[in-house]
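Undergrad: Numbering (the numbering used here), first residue to last: 5 to 191. For every residue, glycine included, the Cβ atom is placed at its ideal position computed from N, Cα and C. Sharing a structure below in structure tokens format, with a few things to ask.
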């Protein structure tokens, strides 16, 4: 019986850690999007910044938590570690998700609950959808941040949020982009 208890404990122990955030960036806008992201797990590389052209109705998968869209929007996802979703098994409460804050151009705009995709995985899953508002009077860029995990038993945080981006648009210089990618702050 002790063997089964230790196996159960050793399987659940690493499940409690949330080291990664898997981000799926989806372009549902009317034009191609230039997406710059940094590989935060590769500090030893000379050029960790990746620039990708994401065409219409296509997606891009990354584990980065900092993005720049079309040199206008500096997006940062910050995991606060605050539990917002949990599972109960054998009268024990297991964390399934934490609060993730969304910053655009240094302004905190939203918080969502992000959960894991499967119970035995480590990473939380977020989907960022870049789209255009279909209002014919003015075209507005919209960013939808959504939980892509499962079992969103949330306590006060939504699992999806729509954000109009036009009020936050900036023309970022190359110095601002480099500083944001390395430090997470726009000068």
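#1: Helix, strand or coil: which one does DSSP assign to residue 104?
#2: For residue 160 and residue 103, what's the separation of their Cα atoms in angstroms?
#3: Would you call the CB atoms of residue 100 and residue 119 closer than 8 Å?
#4: Should residue 168 go down as buried or exposed, given a rule of 16 or more other Cβ atoms within 10 Å for buried?
#5: Rounded to a whole number of angstroms, what is the C-alpha to C-alpha distance between residue 176 and residue 88?
#6: Can you say whether residue 112 is buried or exposed, counting buried as having 16 or more other CB atoms within 10 angstroms of its CB?
#7: Taking the alpha carbon of residue 189 as the point to measure from, which residue in 144, 154, 72, 147 has its own alpha carbon closest?
#8: By DSSP, does residue 75 sit in helix, in strand, or in coil?
#9: Going by beta carbon distance, what residues of the same chain come within less than 6 Å of residue 75, once the five residues before and after it are set aside?
#10: Can you tell me where the beta strand (DSSP E) holding residue 115 begins and where it ends?
#11: Look up residue 31 in the DSSP assignment and give the residues it is bridged to.
TA: According to the structure shown:
#1: Note: residue 104 maps to strand in three-state DSSP.
#2: 10 Å
#3: yes
#4: In the assembly as shown, residue 168 is an exposed residue. Its beta-carbon has fewer than 16 other beta-carbons within 10 Å.
#5: 34 Å
#6: So residue 112 ends up on the exposed side.
#7: 72
#8: In this structure, residue 75 counts as coil in the three-state DSSP scheme.
#9: 176
#10: 111-119
#11: 134
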